[in-house]
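Engineer: Here it is, the structure, as structure tokens.
In our numbering, the protein residues as written are 197 to 313.
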């Protein structure tokens with residue numbers, strides 16, 4: 197089997213409570229409300245003895261969202277994922293990334309970023 201044809205990824209997930217919305221808006225969906233958000237983070241690795249240990253990656257991700265509940269204002273899931281992505285790229289450069297952020301395990305956003313060496 198030709199090793200150069202294999203794409204390898206590691207993936208981690210974790211959950212946090214996020215409160216978002218605008219407390220000044222009268223429309224129900226605009227008012228502040230809480231969601232249980234699940235983060236899925238995928239990053240490419242270059243060989244089967246992965247150079248990014250998923251336990252370390254998960255710990256790093258969870259530290260970006262330490263604690264239980266986070267106020268995110270009126271940020272969309274895409275904006276939340278992009279904010280997180282910028283910190284991941286700084287820590288683990290020259291990688292391809294996929295972040296999925298789901299509200300209440302139902303609806304969500306996916307962003308991808310290609311920066312592999």
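Positions of the beta carbon are idealized from the N, C-alpha and C atoms, including for glycine.
On a predicted model such as this, the values are computed, not experimentally measured, just so you know.
Could you please give the first and the last residue of the uninterrupted beta strand (DSSP E) stretch that includes residue 305?
Structural biologist: Taking the first residue of the chain shown as 1, we reach residue 305 at position 109. Start and end: 303 to 310.
Engineer: Rounded to a whole number of angstroms, what is the C-alpha to C-alpha distance between residue 234 and residue 198?
Structural biologist: Taking the chain shown and counting its residues from 1, the one referred to as residue 234 is at position 38. Taking the chain shown and counting its residues from 1, the one referred to as residue 198 is at position 2. Each residue's Cα considered, the two are about 35 angstroms apart.
Engineer: Would you decide whether residue 203 is buried or exposed? Buried here means 16 or more other CB atoms lie within 10 Å of its CB.
Structural biologist: Counting from 1 along the chain shown, the entry for residue 203 is found at position 7. Residue 203 is exposed by the Cβ-count criterion.
Engineer: Would you give the residue range spanned by the beta strand (DSSP E) that residue 282 belongs to?
Structural biologist: Within the chain shown, residue 282 is the residue found at index 86, counting from 1. Counting along the chain, residue 282 falls outside any beta strand (DSSP E), though it belongs to the alpha helix (DSSP H) covering 273 to 287.
Engineer: Suppose the cutoff is 6 angstroms on Cβ atoms and the five residues either side in sequence are ignored; what does the same chain contact list for residue 308 look like?
Structural biologist: As a working mapping, residue 308 is identified with position 112 in the chain shown. Closer than 6 angstroms at the Cβ level, and outside the excluded window around residue 308, lie 294.
Engineer: Answer with buried or exposed for residue 243, where buried requires no fewer than 16 other C-beta atoms within 10 angstroms of its C-beta.
Structural biologist: Within the chain shown, numbered from 1, the residue matching residue 243 stands at position 47. Residue 243 is exposed by the Cβ-count criterion.
Engineer: How would you write the range of the beta strand (DSSP E) that residue 259 sits in, first residue to last?
Structural biologist: Residue numbering aside, residue 259 sits at position 63 when the chain shown is read from its first letter. Looking at the DSSP string, residue 259 is not in any beta strand (DSSP E); the run it does join, the alpha helix (DSSP H), is 250 to 260.
Engineer: Does the structure place the segment 253 to 263 close enough to the segment 274 to 293 that three or more beta carbon pairs sit under 8 angstroms?
Structural biologist: yes
Engineer: Can you tell me whether residue 237 is buried or exposed, with buried defined as 16 or more other CB within 10 angstroms of its CB?
Structural biologist: For the purposes of this step, residue 237 is taken as residue 41 along the chain shown, with counting starting at 1. Counting Cβ neighbours within 10 Å, residue 237 comes out buried, since at least 16 surround it.
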